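Undergrad: Numbering-wise, our numbering comes out as the position in the sequence shown, counting from 1, plus 1016. Below is one structure. I have some questions about it.
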Amino acid sequence: NDDVELLIREVAKADIVICATDNNRSRFNINRCVVSTRTPCIYGRAITRAEGGDVFIYRPGGACYCCLLGNNWFNAAMEEITNEQSARNDGRIAAYTSAEDADAMVQVGLSADIEPMCNMMVKLALTELSRGAQSGITSLEKEYVYPYYMWANRRERNYANWGSFDNEDQMPTIMRWYGVDVPRDEHCAQCGEKVTLDHGESFINAFGQQAAQVNVNTTIDLDNL
């Protein structure tokens, strides 16, 4: 987050990027880098003590991470808490809780619950890196066709309305991956050709829809404004 220009240079050297950070600021910075360099990138996260998680892959020309944020399938507020300070900031650990008590809040089987997301990220990365070559995982190119994948470990909170293994209504169940097609947003602030600004209905009526669009390929000389 401190040196995005350095990050862009390093990303440009990579065949693929794995984004396993735990905050959206760093994901935004990485998204900016991979879109500008057209480098494939895989984002993964666990949600709320790893009750579930999701994995997103950016393929150049397809939806980017910012496109995903505007999709109803994705909730950016659901985050795994990876350290005591972020848990306090999030309100999961009360201000009056001592460091010793906070350290004692152990999630049984946490590493096992995170493993599915890690495994999916690795499989996606290997599939992308070997795409077009004859290998033992060539068949996966026809399987991993979606950019976004969801997984649930337990039917709690965000997944409380999911079905049990024996449900007859064909509802989503835990311990299974679900792929989602996320289209590229042509008005995406990061990868779109034009960005539509919401000025309100009166502005659009007075000046037209085109007045609310910014061509992201236009260079603006700030010194002469």
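Backbone N, C-alpha and C fix where the C-beta goes; we use that ideal spot for every residue, glycine too. Model, not experiment: these values are computed from the prediction.
Give the range of the beta strand (DSSP E) segment to which Val1196 is assigned.
TA: Per DSSP, Val1196 belongs to the beta strand (DSSP E) from Tyr1194 to Val1196.
Undergrad: If you follow the beta strand (DSSP E) that Asp1070 is in, where does it begin and where does it stop?
TA: Looking at the DSSP string, the run of the beta strand (DSSP E) that includes Asp1070 is Gly1068 to Tyr1074.
Undergrad: Which of the three DSSP states, helix, strand or coil, is assigned to Tyr1059?
TA: Of the three classes helix, strand and coil, the one that applies to Tyr1059 here is strand, per DSSP.
Undergrad: Can you tell which of Asp1038, Arg1041 and Asn1045 has the C-alpha that lies nearest to the C-alpha of Val1027?
TA: Val1027 has its Cα closest to that of Asn1045, out of Asp1038, Arg1041 and Asn1045.
Undergrad: From the DSSP output, in three-state form, read off Met1166 for me.
TA: Met1166: strand per DSSP, three-state reduction.
Undergrad: If you follow the beta strand (DSSP E) that Val1033 is in, where does it begin and where does it stop?
TA: Residues Val1033 to Cys1035.
Undergrad: Please return the same chain residues whose Cβ sits closer than 6 Å to the Cβ of Cys1083, not counting the five positions on each side in sequence.
TA: Taken in chain order, the residues that qualify are Arg1200, Asp1201 and Cys1204.
Undergrad: Go to Leu1023, then tell me how far its alpha helix (DSSP H) extends in each direction, as first and last residue.
TA: Start and end: Val1020 to Ala1028.
Undergrad: With a 10 Å radius around its C-beta and 16 neighbouring C-beta atoms as the bar for buried, classify Phe1181 as buried or exposed.
TA: Exposed is the call here.
Undergrad: Thinking C-alpha only, which one of Leu1145, Gly1195 and Ala1062 is nearest Tyr1164?
TA: Here the closest residue by C-alpha is Gly1195.
Undergrad: What residue does the alpha helix (DSSP H) around Arg1043 start on, and which one ends it?
TA: Taken as a continuous stretch (DSSP letters only), the alpha helix (DSSP H) holding Arg1043 covers Asn1040 to Thr1053.
Undergrad: How long is the line joining the alpha carbons of Ile1130 and Gly1152, rounded to whole angstroms?
TA: The straight-line gap from Cα to Cα measures roughly 26 Å.
Undergrad: Is the Cβ-Cβ distance between Gly1069 and Ala1036 less than 7 Å?
TA: It is not a contact, given that the beta carbons lie outside the stated cut-off.
Undergrad: Do you know how far the Cα of Ser1146 is from the Cα of Met1137?
TA: So the two alpha carbons sit approximately 14 Å from each other.
Undergrad: For Met1166, count neighbouring C-beta atoms within 10 Å of its own C-beta (all shown protein chains included) and say buried if the count is 16 or more, exposed if not.
TA: With 16 or more other Cβ atoms within 10 Å, it is buried.
Undergrad: Looking only at C-alpha atoms, which of Pro1076, Arg1065 and Ala1062 sits nearest to Arg1054?
TA: That would be Pro1076, whose Cα lies nearest to the Cα of Arg1054.
Undergrad: Report the three-state DSSP secondary structure of Thr1154 (helix, strand or coil).
TA: Three-state result, Thr1154: helix.
Undergrad: Going by other Cβ atoms of all chains shown within 10 Å of its Cβ, with 16 needed for buried, is Gly1224 buried or exposed?
TA: In this prediction, Gly1224 scores a pLDDT of 47, lower than 50, which makes its location untrustworthy; the coordinate-derived value is nonetheless stated afterwards. Answer is exposed; the Cβ neighbour count stays below 16.
Undergrad: Could you please give me the residues that DSSP links to Thr1189 through a beta bridge?
TA: Beta-bridge pairing links Thr1189 to Gly1179.
Undergrad: Would you decide whether Met1004 is buried or exposed? Buried here means 16 or more other CB atoms lie within 10 Å of its CB.
TA: Look at the range of the chain in this structure, 1017 to 1241, and you will see that residue 1004 is not part of it.
Undergrad: In chain order, what residues of the same chain have a beta carbon less than 8 Å from the beta carbon of Ile1032, not counting five sequence neighbours either side?
TA: Around Ile1032: Thr1055, Pro1056, Cys1057, Ile1058, Ala1141, Glu1144 and Leu1145.
Undergrad: Who are the Cβ neighbours of Leu1023 in its own chain at under 8 Å, not counting the five residues just before and after it?
TA: So the list reads Asn1045, Ile1046 and Cys1049, once near-sequence residues are dropped.
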